[in-house]
Each structure stands twice: as structure tokens, then as C-alpha cells.
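See below for the structure under consideration.
Protein chains in written order, with the numbering used here: chain A, 1 to 169; chain B, 1 to 58.
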């Protein structure tokens, strides 16, 4: 048999590949919907204020964000699961990633987007950082903005999930 | 709409979608606006259609 002749791709393999493409494209649509929701939270005068303050209080209780521990690590869609992308999109869209970096004092990091990536990694992997901040903000919003409060509470439970659910092996 | 969502999610998981991500949407569904809920239902329904069409292309 001619070794240089391309072997035809079995139909089953083509369908699996198409299936993955379809799934990824619809996950992207849901992520776009979620970014819109996170953007609303960012623009919500009370939610944004309470969330930033809660992150400030939470991150501030650590001497450093432990940035050095995350040196060289970045967060991007390539290494995240669909649930991980939801958490990451929330941190980036609401600006918490960059905010956490600012509070940690590491403004020397090159660009906000890169810094936000580290901050996001720290918030996603850091011990008890984002979940308490979300619960604190949710508590402040209860009674006045129930749905946003409930959403932040739900998110706080999600970020307490085992971290292996956010990052691809 | 909650029951409709549940049915769509079950079908999608059977078709190979990510269970954790879809469970998250199920949990926050009631906190979304009507517009957001309808948009989510639309996305999920279209995905089922696409995946089923892909299957029947065997």
C-alpha cells in the first residue's frame, strides 16, 4: 500500500469531531449570555460596590495574594472546563481579577489583562478567596436585590467545588 | 419553563454535553430575567437539534 496516500477518515470519527465542534459552539453561545449577565452585575451600582468591597476585605486579609505561587500560570479558555470558563468569565467581566491584583499591591505586573489573568487564577485557586467575597456581597444585597443576591450565593457554592472541575487535566 | 429546561438539559447530557456547566444554568435559571431565560432555552433547543441532526448523518 502506498504509505503517502492519505487514509480516509472513518465516518464515525468525522461525526465525533463534528459533535465536539457543535458542543463547543453552543457552549460559546452560553458563555456570551453569561458575560452579559456578569456585565449587568458589574454595572449594578450596589452589586459592584459590595463585590469589590468584599474582595478587598477578603484579599486584604492575606499578606500577599500569593502571586509568586501562581507565577507563570495563566488562565485561558484552552485550559478551562466549561464550568471553569463561567467562573473565569465572571472574574474578568466584573473586573475582580484586576481588582484583586491591585489590592495585592502587584501593580508591577505588565498589563492589566495579564494581571487580571493572574488575579483570576489566584481567585480561582486561592484558598477561600472568592467564595467568602461572593457570600458577603450576596448578604448585603439580600432584601433589596434578591435575584442578584441569590445568583452570587449560587456562584459562591460553585467556586467551592473541587478545583479539578475548572481546569482540564 | 423550569420543567422545559430540565427536559432540555437531560437530553443534552444524553447527547454528550457537560453536566456541570448545565447544572449551573439550571440552578441560576430562576434568577435570570425572562429575556435571559428565553435566550437560554433557545440556545439549548437549537443545540439539541444540531446534535440530533449530526447523529442522523451517520
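Virtual Cβ for every residue (Gly too), placed ideally from N, Cα, C.
Note that the structure is a prediction, hence the values are computed from the model and not measured.
{"query": "Bridge partner(s) assigned by DSSP for residue 80/A", "result": "167/A"}
{"query": "Chain-order list of residues whose beta-carbon lies under 6 angstroms from that of residue 152/A (same chain, five-residue window excluded)", "result": "134, 137 and 138"}
{"query": "Under 8 angstroms between C-beta atoms of residue 130/A and residue 20/B", "result": "no"}
{"query": "Reference residue 157/A; option with closest CA among 9/B, 18/B, 28/B and 8/B", "result": "28/B"}
{"query": "When 94/A, 51/A, 99/A and 78/A are compared against residue 140/A, the one with the closest alpha-carbon", "result": "51/A"}
{"query": "Same chain, Cβ closer than 7 angstroms to residue 53/A, neighbours up to 5 away in sequence not counted", "result": "none"}
{"query": "Cross-chain neighbours of residue 19/A in chain B, by beta carbon under 7 angstroms", "result": "16, 51 and 54"}
{"query": "Nearest-angstrom beta carbon gap, residue 41/A and residue 47/A [assumed within contact, 8 angstroms]", "result": "5 angstroms"}
{"query": "Buried or exposed (CB count within 10 angstroms, at least 16 for buried), residue 87/A", "result": "buried"}
{"query": "Partners in chain A for residue 40/B, counting only beta-carbon separations shorter than 8 angstroms", "result": "30 and 33"}
{"query": "From 80/A, 34/A, 18/A and 49/A, residue whose alpha carbon lies closest to that of residue 54/B", "result": "18/A"}
{"query": "Where residue 124/A falls, given that 16 or more other Cβ within 10 Å makes a residue buried", "result": "buried"}
{"query": "Residue interval of the alpha helix (DSSP H) (run including residue 136/A)", "result": "130 to 141"}
{"query": "Which listed residue (164/A, 85/A, 16/A and 167/A) has its alpha carbon closest to that of residue 35/A", "result": "85/A"}
{"query": "Proximity test, Cβ basis, 8 angstroms: residue 60/B and chain A", "result": "Since the displayed chain B opens at 1 and closes at 58, residue 60/B lies outside it and no answer follows."}
{"query": "Alpha-carbon to alpha-carbon, residue 144/A and residue 18/B", "result": "34 angstroms"}
{"query": "Nearest neighbour of residue 167/A, chosen from 89/A, 78/A, 148/A and 117/A [CA to CA]", "result": "78/A"}
{"query": "Beta-carbon proximity of residue 48/B to residue 12/B, cut-off 8 angstroms", "result": "yes"}
{"query": "Neighbourhood of residue 155/A by C-beta, 6 angstroms cutoff - its chain only, sequence neighbours within 5 removed", "result": "134"}
{"query": "8 angstroms Cβ cutoff, residue 29/B in contact with chain A", "result": "no"}
{"query": "Euclidean distance between Cα positions of residue 30/B and residue 56/B", "result": "34 angstroms"}
{"query": "Element boundaries [alpha helix (DSSP H), containing residue 29/B]", "result": "Note, residue 29/B: premise wrong, no alpha helix (DSSP H); not H, not E."}
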